[in-house]
Amino acid sequence: MANATFRDRLLNGETVVGTIQLLDSTMVSEMIGVAGMDFVVYDQEHGPLGAETTLELSTAAQNRGVAPIVRVRSNDEAEIQRALDIGSAGVQVPQVETEADARAAVDAARFDPLGSRGLSQYVRAGDYWGSDTYTEDQNEDVVLIVQVEGERGVENIEDILGVDGIDAVFLGPYDLSQSLGIPGQVTHERVEALMEDVCERAAEAGVAVGAFADTPAIANRWIDAGVQYVTLGVDAGLFTEHLSSLAADVDTT
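My numbering numbers the first residue of the sequence shown as 137 and each following residue consecutively.
Structure representation (structure tokens):
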């Protein structure tokens, strides 16, 4: 598809691979593009990034062909609005456990008639002066991903998947393992069975599924299960791990 948006790619069933960025560096955002990643998640939930910094990082990512997704701190209208107004490709909303949570996320992320996102056209998302089709374009192009991270969310997955306006559900394997009483065992058969079940139900509902993976092997396992939106690693962890490996291989004796 010519000029396909990141949302188009997800809705068309394409598998996309990205990573999480915690580091406040436009160079890191560019490196993610040079490496061939499809998207980057700017982590405001667990990381130190704010709106002003994320705007600069998003610009760097987009210049390298990478779709910037903002993981906001909470399912809050103002948080979601700001994350989209800076011109990101989409927003990732944590701790969605019920149909009401999902509807709140849609309401904050979509303009009328799909939601009630606060409107200002004098923002980066509107090219600073808007257009006659600004709200329609945003509703069409912006990706909304909701994170289902615990047993309660899984129990309510059918209701969450039924909320119009959600493009993907993101499963947090670590949180899921903890909610099942096997914290950290992300490849445990119970976690995998749950992931596979959600993927099947999401496919029936026409909603993409995302998941985090520490390694390419785990990423491939999730892809085999039906995951399309694969978040592979975290920049800070990857950098530290590689430096540790290099340091360990140097003989200083």
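Idealized CB from N, CA, C, for every residue including glycine.
>> Suppose you measure from the CA of Met-137 to the CA of His-182; what does that come to, to the nearest Å?
In response: Legend: pLDDT at Met-137 = 36, less than 50; position of this residue unreliable, no value from coordinates given.
>> Between Ile-168 and Thr-155, how many whole angstroms is the CB-CB distance? I'm expecting something under 8 Å.
In response: Ile-168 to Thr-155, Cβ: 6 Å. Contact.
>> Would Ala-304 and Ile-318 be called neighbours here (beta carbons separated by less than 8 Å)?
In response: In this structure, Ile-318 does not lie closer than 8 Å to Ala-304 by Cβ.
> Measuring CB to CB, does Phe-142 end up less than 8 Å from Val-279?
Replying inline: Cβ distance < 8 Å, so Phe-142 and Val-279 count as in contact.
>> Tell me the rounded alpha-carbon separation between Val-403 and Ile-296.
In response: Absent from the structure is residue 403, since the part of the chain shown begins at 137 and ends at 389.
>> So, at 6 Å on beta carbons, what are the nonlocal neighbours of Ala-341 in its own chain, with the 5 sequence-adjacent residues on each side left out?
In response: Cβ contact annotation for Ala-341 (same chain, cutoff 6 Å, sequence separation greater than five): Leu-297, in chain order.
>> Quick check for students: name the residue ranges of the alpha helix (DSSP H) that lie wholly in the stretch 162 to 186, counting only runs of 4 or more.
In response: Considered as a whole, the stretch 162 to 186 harbours 162 to 170 as its complete alpha helix (DSSP H) runs of no fewer than 4 residues, in chain order.
> With DSSP run on the structure shown, which of helix, strand or coil describes Leu-158?
Replying inline: The answer is coil: DSSP assigns Leu-158 none of H, G, I, E or B.
> Tell me, which residues are paired with Ile-281 by DSSP?
Replying inline: Answer is Gln-228, Ala-304.
>> What residue range does the beta strand (DSSP E) around Tyr-365 cover?
In response: 365 to 370 is the extent of the beta strand (DSSP E) around Tyr-365.
> To the nearest whole angstrom, what separates the beta carbons of Val-153 and Gln-180, a pair I think is in contact under 8 Å?
Replying inline: For Val-153 against Gln-180, the beta-carbon gap comes to about 21 Å, at or over 8 Å, which does not count as contact.
> Nearest CA to the CA of Asp-248: which residue from Thr-269, Ala-344, Val-232, Gly-201?
Replying inline: The option with the nearest alpha carbon to Asp-248 is Thr-269.
> Is it right to say Asp-371 is buried, meaning 16 or more other beta carbons lie within 10 angstroms of its own, or is it exposed?
Replying inline: Taking every protein chain shown into account, the CB of Asp-371 has 16 or more other CB atoms within 10 angstroms, so this residue is buried.
>> Using only CA atoms, which one of Glu-233, Arg-246, Gln-231, Ala-238 lies nearest to Val-221?
In response: Checking the displayed sequence, the identity of residue 221 turns out to be Asp instead of Val. With distances taken between Cα atoms, Asp-221 lies closest to Arg-246.
> Using the rule of at least 16 other Cβ atoms within 10 Å of the residue's Cβ for burial, across every protein chain shown, is Pro-309 buried or exposed?
Replying inline: Looking at its Cβ environment, which holds 16 or more other Cβ atoms inside 10 Å, Pro-309 is buried.
> According to the neighbour-count rule (16 or more other Cβ atoms, all chains shown, within 10 Å of its Cβ), is Ala-383 buried or exposed?
Replying inline: Exposed: under 16 other Cβ atoms inside 10 Å.
> Using a Cβ-Cβ cut-off of 8 Å (strictly less than) and excluding sequence neighbours within five positions of Val-343, which residues of its own chain qualify?
Replying inline: Once the five neighbours on either side are set aside, the close Cβ partners of Val-343 are Leu-297, Ile-302, Asp-303, Ala-304, Val-305.
>> Between Ala-240, Glu-235, Thr-234, Ala-347, which has its C-alpha nearest Glu-215's C-alpha?
In response: Looking at the Cα atoms, Ala-240 is the closest of the given residues.
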